[in-house]
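As they're listed, the protein sequences go chains F and W. Numbering of the first sequence is given in this note's numbering, commencing with residue 265 and proceeding in unit increments. Numbering of the second sequence is given in this note's numbering, commencing with residue 265 and proceeding in unit increments. Here the structure is laid out as structure tokens; the discussion comes afterwards.
2 protein chains.
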Amino acid sequence: MKWYQDKNVDDGIVISSRVRLARNIKKYPFPPKISTQQAETMIEELKGALLNERTPLGSQFKYIEVNTLSANEKRSMMESHIISPVMVAKTEKCGVLIKDDETVSIMLNEEDHVRIQTIFPGENIDKAWDLADKIDNLIEESVEYAFDEGCGYITSCPTNIGTGIRASFMIHVPALEGAGQMQNLVTALSKFGITVRGIYGEGTEAVGSIYQISNQITLGQSEDEIIKNLKNAVNFVKEQEVRFRENLIQNRKVDIEDEIYRAYGIISNARKISAKEAMVILSKIREGFVLGILDVPKLNETIYNVMINIQPGNVQNNFIAENNVNKRDEVRAKYLRDVFK
Amino acid sequence: MKWYQDKNVDDGIVISSRVRLARNIKKYPFPPKISTQQAETMIEELKGALLNERTPLGSQFKYIEVNTLSANEKRSMMESHIISPVMVAKTEKCGVLIKDDETVSIMLNEEDHVRIQTIFPGENIDKAWDLADKIDNLIEESVEYAFDEGCGYITSCPTNIGTGIRASFMIHVPALEGAGQMQNLVTALSKFGITVRGIYGEGTEAVGSIYQISNQITLGQSEDEIIKNLKNAVNFVKEQEVRFRENLIQNRKVDIEDEIYRAYGIISNARKISAKEAMVILSKIREGFVLGILDVPKLNETIYNVMINIQPGNVQNNFIAENNVNKRDEVRAKYLRDVFK
Numbered sequence: 265m266k267w268y269q270d271k272n273v274d275d276g277i278v279i280s281s282r283v284r285l286a287r288n289i290k291k292y293p294f295p296p297k298i299s300t301q302q303a304e305t306m307i308e309e310l311k312g313a314l315l316n317e318r319t320p321l322g323s324q325f326k327y328i329e330v331n332t333l334s335a336n337e338k339r340s341m342m343e344s345h346i347i348s349p350v351m352v353a354k355t356e357k358c359g360v361l362i363k364d365d366e367t368v369s370i371m372l373n374e375e376d377h378v379r380i381q382t383i384f385p386g387e388n389i390d391k392a393w394d395l396a397d398k399i400d401n402l403i404e405e406s407v408e409y410a411f412d413e414g415c416g417y418i419t420s421c422p423t424n425i426g427t428g429i430r431a432s433f434m435i436h437v438p439a440l441e442g443a444g445q446m447q448n449l450v451t452a453l454s455k456f457g458i459t460v461r462g463i464y465g466e467g468t469e470a471v472g473s474i475y476q477i478s479n480q481i482t483l484g485q486s487e488d489e490i491i492k493n494l495k496n497a498v499n500f501v502k503e504q505e506v507r508f509r510e511n512l513i514q515n516r517k518v519d520i521e522d523e524i525y526r527a528y529g530i531i532s533n534a535r536k537i538s539a540k541e542a543m544v545i546l547s548k549i550r551e552g553f554v555l556g557i558l559d560v561p562k563l564n565e566t567i568y569n570v571m572i573n574i575q576p577g578n579v580q581n582n583f584i585a586e587n588n589v590n591k592r593d594e595v596r597a598k599y600l601r602d603v604f605k
Numbered sequence: 265m266k267w268y269q270d271k272n273v274d275d276g277i278v279i280s281s282r283v284r285l286a287r288n289i290k291k292y293p294f295p296p297k298i299s300t301q302q303a304e305t306m307i308e309e310l311k312g313a314l315l316n317e318r319t320p321l322g323s324q325f326k327y328i329e330v331n332t333l334s335a336n337e338k339r340s341m342m343e344s345h346i347i348s349p350v351m352v353a354k355t356e357k358c359g360v361l362i363k364d365d366e367t368v369s370i371m372l373n374e375e376d377h378v379r380i381q382t383i384f385p386g387e388n389i390d391k392a393w394d395l396a397d398k399i400d401n402l403i404e405e406s407v408e409y410a411f412d413e414g415c416g417y418i419t420s421c422p423t424n425i426g427t428g429i430r431a432s433f434m435i436h437v438p439a440l441e442g443a444g445q446m447q448n449l450v451t452a453l454s455k456f457g458i459t460v461r462g463i464y465g466e467g468t469e470a471v472g473s474i475y476q477i478s479n480q481i482t483l484g485q486s487e488d489e490i491i492k493n494l495k496n497a498v499n500f501v502k503e504q505e506v507r508f509r510e511n512l513i514q515n516r517k518v519d520i521e522d523e524i525y526r527a528y529g530i531i532s533n534a535r536k537i538s539a540k541e542a543m544v545i546l547s548k549i550r551e552g553f554v555l556g557i558l559d560v561p562k563l564n565e566t567i568y569n570v571m572i573n574i575q576p577g578n579v580q581n582n583f584i585a586e587n588n589v590n591k592r593d594e595v596r597a598k599y600l601r602d603v604f605k
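This is the structure in structure tokens:
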């Protein structure tokens, strides 16, 4: 089972918890200055550090050489949160180590030499941090990281210097978004030192009322302080979202019921549908289940899994043999009708 | 059973066939010059001519005094095609004789003293004309019509002088409308001497791709010629609509399937819906059944009966005890969900 197939992703305001650590190896030039030969040696060294018999993790990981994949295969991995948009765009030698349940992915030679990512369903940031920290230590047994006593870990981009940590929650806030409160939320969270981003991180769009909130600063705070601060922020978000949901139920009950049931009617009947419209509708359906409004049979999959499956790259990869882009909207609609049958 | 509950209303391009005859009684001043006292006498005289034992029709008719009804009751009768928008607006003494199946309604003291209307489901203009003619003769046995040897029947509005006949078909032409062909159709039909009007006749809007086509001229042609000409016109419309439907199926099959199934998804799930949106959606569903695209259980009612039932006056009249206008959209949605269950 993948993490996004765990029913915890559908339960509350928090879909998932993620920790990402940026690291570099002292003896190699930083990307993009590293040569192909050096990158190859560096990747082999890191694979060796993890895929060995000393660690129980080893057998659960596989390595994928990303630069040799098709654009669509890369996109599909990005849609499942395995690799970053930066790695999708990369043509130089690079790869990723993936744990079988996809809770861990370690990108090699992305913007930094090593990007350790851990993701867990629901509100589990401590678990994500513990695991990321363990993997970090495991790698450090084999290699020497680029580290400065004054600054901490050295990274390609100065915004990551220090702890190199980005901790984030993926949140679903339809009531706040529906009430036009997102700008207020962004302003309020910036006072906690928290950034609000789109569903696939920096520079990506928020669709289906799904956002990522993460720490702005990596320097001058310990990892534990950063995570504690993020937890305070998510509690604030949850309080606000709950308040606006109550407001909605009290003042616009029929309107919201109408929106949710229309969404259900469309998704279980449409013959073609874009990824963007499907996300908006799946968001309404998640809202309908969470609010206890949508009285229809539960799905056999998590809604977040469906959200990943209907992304363009995944539709192309999983459902269509020939590379016929025009058929995507029809195939997506057919898949959704089956899910909601 | 009312005429709009007969399954013939859903079968083809032609929903119904209608004949209307405008007549006035020689000895009374024409509306609006007729006094209340005179109108009362005139109405009693006409009721006497029809509601008597000599005629088998008598027992099937009832009389309703329209000017004493509430605005909503009048509107509801207009929505069922029993009275005209002109009579709804009228505050002077006026009434209507209605046959139990609503195939005949005889408005008294509307724009003219007598307006005989016959409507039949499907393509049955000859039947409508025969019956209107019979009723016309029956009335003429008792009263003397205002008639001029040169002009024919004298009417309040000069556009009706002569035969006083308006023969019309109510047509459903979603493919022509969808292809943006309505203006072309209006131009083409005007060459036959045929006018295109909205669903409730002159000055009303076309909703749900439903139009009335009727003869423009009442003078200088016999009733039989007028009806023959209208039949030619409707054959032309049918050919065009079929051509555009074939075109649609050939070139935009998935699009039209998508539109039809989305319409079905919305109407069977919405929690509030306006009359206008419901008409657009019911039109799509009628199209879906006619094209053989919509594979869902058949309704227990005709679609045209549903179309009449969801009009604002009927929703208010039939489903809501208290006069709460805001509840209409919710009650309409509930009724439609039950129909499509």
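Heads up, the beta-carbon is just placed ideally off N, CA and C, and yes, glycines get one too.
Which of helix, strand or coil does DSSP assign to residue i?
| i | result |
| --- | --- |
| P293(F) | coil |
| G322(W) | helix |
| I549(F) | helix |
| S454(W) | helix |
| F583(W) | helix |
| E375(W) | coil |
| P385(F) | strand |
| F508(F) | helix |
| R535(F) | coil |
| N479(F) | strand |
| A286(W) | strand |
Relative to the C-alpha of residue i, which residue among the options is closest?
| i | options | result |
| --- | --- | --- |
| L333(W) | L453(W), I481(W), N581(W) and G386(W) | N581(W) |
| C358(W) | A410(W), I347(W), S420(W) and Q269(W) | I347(W) |
| L494(F) | I277(F), Y268(F), S281(F) and R507(F) | S281(F) |
| P438(W) | I277(W), G484(W) and V273(W) | I277(W) |
| T427(W) | Q324(W), Y417(W) and P296(W) | Y417(W) |
| I279(F) | S454(F), C421(F), S473(F) and Q445(F) | S473(F) |
| I524(F) | D519(W), I524(W), I530(W) and K455(W) | I530(W) |
| F384(F) | T367(F), L402(F) and N336(F) | T367(F) |
| T300(F) | L372(F), D593(F) and R516(F) | L372(F) |
| V544(F) | K502(F), L285(F), A470(F) and N331(F) | A470(F) |
| R526(W) | R379(F), I520(F), R535(F) and D519(F) | R535(F) |
| N401(F) | S532(F), I328(F) and L285(F) | L285(F) |
| I425(W) | K391(W), G462(W) and Q485(W) | Q485(W) |
How would you call residue i, buried or exposed, if buried means at least 16 neighbouring beta carbons within 10 angstroms?
| i | result |
| --- | --- |
| G386(F) | buried |
| E374(W) | buried |
| C415(F) | exposed |
| E681(F) | Limits of chain F in this structure are 265 at one end and 605 at the other, which puts residue 681(F) out of reach. |
| E541(F) | buried |
| D559(W) | exposed |
| N588(F) | exposed |
| A335(F) | exposed |
| D522(W) | buried |
| G444(W) | exposed |
| E308(W) | exposed |
| M306(F) | buried |
Once the 5 residues before and after residue i are set aside, which same chain residues still bring their CB inside 8 angstroms of it?
| i | result |
| --- | --- |
| V595(F) | V579, F583 and I584 |
| I567(W) | V273, D274, L546, I549, R550 and F553 |
| E408(W) | I289, K290 and K291 |
| Q269(F) | E565, T566 and N569 |
Spatial neighbours of residue i within its chain, please: CB distance less than 7 angstroms, with the 5 preceding and 5 following residues excluded, ordered by chain position.
| i | result |
| --- | --- |
| V603(W) | L563, E565 and V570 |
| V352(W) | K338, R339 and M342 |
| W393(W) | V283, A431, E487 and I491 |
| V460(F) | L449, V450, L453, Y475 and I477 |
| G350(W) | What sits at residue 350(W) in the sequence shown is Val, not Gly. Contacts found: E374 and E375. |
| E441(W) | S473 |
Which residues in the same chain have their Cβ closer than 6 angstroms to the Cβ of residue i, if we skip the five residues on either side of it in sequence?
| i | result |
| --- | --- |
| S406(F) | A313 |
| V498(F) | F433 |
| I403(F) | A313 |
| A597(W) | A534, R535, K536 and I537 |
Using a Cβ-Cβ cutoff of 8 angstroms, what residues of the stretch 572 to 605 of chain F are near chain W? List them in chain order. E594 and A597
By the 9 angstroms beta-carbon criterion, what residues does the stretch 531 to 542 of chain F contribute toward chain W? Listed in sequence order: I531, S532, N533, A534, R535, K536 and I537.
What residues in the stretch 492 to 526 of chain W have a beta carbon less than 8 angstroms from any beta carbon of chain F? V518, D519, E521, D522, Y525 and R526
When you check each C-beta in the stretch 429 to 442 of chain F against every C-beta of chain W, which residues fall closer than 8 angstroms? none
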